[in-house]
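To keep things clear, I will list the structure first and then write my remarks on it.
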Amino acid sequence: MTFYVENNTEREFSFSIEEVFQNVAEAVLEMEACPYEVCINVLLTNNEEIRGYNKEHRGIDKETDVLSFPNLFFERAGEFAVSEEEEADYFDPDSGELILGDIIISTDRIEEQARSYGHSELREFAFLVAHSMFHLCGYDHMEEEEAAIMEKKQETVLGQLGITR
Numbered sequence: 071m072t073f074y075v076e077n078n079t080e081r082e083f084s085f086s087i088e089e090v091f092q093n094v095a096e097a098v099l100e101m102e103a104c105p106y107e108v109c110i111n112v113l114l115t116n117n118e119e120i121r122g123y124n125k126e127h128r129g130i131d132k133e134t135d136v137l138s139f140p141n142l143f144f145e146r147a148g149e150f151a152v153s154e155e156e157e158a159d160y161f162d163p164d165s166g167e168l169i170l171g172d173i174i175i176s177t178d179r180i181e182e183q184a185r186s187y188g189h190s191e192l193r194e195f196a197f198l199v200a201h202s203m204f205h206l207c208g209y210d211h212m213e214e215e216e217a218a219i220m221e222k223k224q225e226t227v228l229g230q231l232g233i234t235r
């Protein structure tokens, strides 16, 4: 897996963003039995900037904690089926990796939500990564049943990594 993390804020954490991201992302990809090596871009930003991205891409003019931009279209969540005709759209020609998508996380929200939920910033960041990774794997939470599946998967991954509340 190749991932690129860009931190547009001056916010520093007591843990390695890169290490936590890699551990959580790999656990999600393993759970989903992703058959490819993947490439993911991660942007850490503040509430003001994520609000702009949310407005531009989703038409919602408010802050959010995380945005996910999957590169793949999934017929069914977690099924990584790519036809030969689509390979040029989804795979990096140099590395051969599946370009899974992009993630944007608000560092302001990591701090705010960790405090609000009474857990560590590490746990909040790991949760947002897991949440976003499942979106990149085709999951959503618009319907109650979908949300329950996604929530269970997130908690399972975090539990396996020992990242609990």
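Heads up: the sequence shown runs through residues 71 to 235, numbered per the working numbering.
All residues carry an ideal CB built from backbone N, CA and C; glycine is no exception.
Put simply, of E181, I175, G188, S190 the residue whose alpha carbon is nearest the alpha carbon of H201 is I175.
Nearest in C-alpha terms to L231, of all of E155, E182, D210, L192, is L192. Exposed is the label assigned to K125, since fewer than 16 other Cβ atoms lie within 10 Å of its Cβ. Three or more Cβ pairs drawn from the stretch 139–156 and the stretch 206–224 lie within less than 8 angstroms of each other, which places the two stretches in contact. Under the 8 angstroms Cβ criterion, the stretch 165–181 counts as touching the stretch 114–133, having at least three qualifying pairs. Only exposed fits A103, as fewer than 16 other CB atoms lie within 10 angstroms of its CB. Taken atom to atom, the span from the alpha-carbon of L99 to that of L206 is near 10 angstroms. When DSSP states are grouped into helix, strand and coil, G171 belongs to the strand group. When DSSP reads this structure, E76 sits in a beta bridge with L113. By DSSP's assignment, P140 forms a beta bridge with G171. Residue burial annotation: S138 is buried, with at least 16 other C-beta atoms found within 10 angstroms of its C-beta. F143 counts as exposed, since fewer than 16 other C-beta atoms from the protein chains shown sit within 10 angstroms of its C-beta. Between D131 and V94, the alpha-carbon positions lie close to 29 angstroms from each other.
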